[in-house]
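4 is the number of the first residue of the sequence shown in my numbering; add one for each residue after it.
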Amino acid sequence: MLTNYRMKADANSAHPALIEAIALGLHAERGSVTEDDVVMELFKWIEASDNDILSDIYQQTIHYIVDGQRTHSVI
């Protein structure tokens, strides 16, 4: 499912600053950003990590959060 990612302009956004920074960077490079683009960029960063255990934990956490958000609401 390719849903366009809507960047949040207000300071009270539920989106963490890291997610917003990734989305802004990808938007500057490509002109548009989807949720999947942001998730894939996070996975690239995690896979580049030297710590395999933390990398696995981070990947599982992202999968859990993303799957939960897609089940309950649209970003």
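From the three backbone atoms N, C-alpha and C, an ideal C-beta is built for every residue, glycine too.
Item to check | Distance between beta carbons of residue 60 and residue 42, contact taken as under 8 Å | outcome: Between the beta-carbon of residue 42 and that of residue 60 there is about 16 Å, and that puts the pair past the 8 Å contact cut.
| task | Would you kindly work out how many angstroms separate the C-alpha atoms of residue 49 and residue 58, rounded to a whole number? | result | Going by C-alpha positions, residue 49 is about 6 Å away from residue 58.
query: What's the gap between the Cα of residue 23 and the Cα of residue 56?
result: Here the alpha carbons of residue 56 and residue 23 stand approximately 26 Å from one another.
Exercise for the section: Give a yes or no on whether the C-beta atoms belonging to residue 38 and residue 25 are separated by under 7 Å. Expected result: Residue 38 places its beta carbon 7 Å or farther from that of residue 25.
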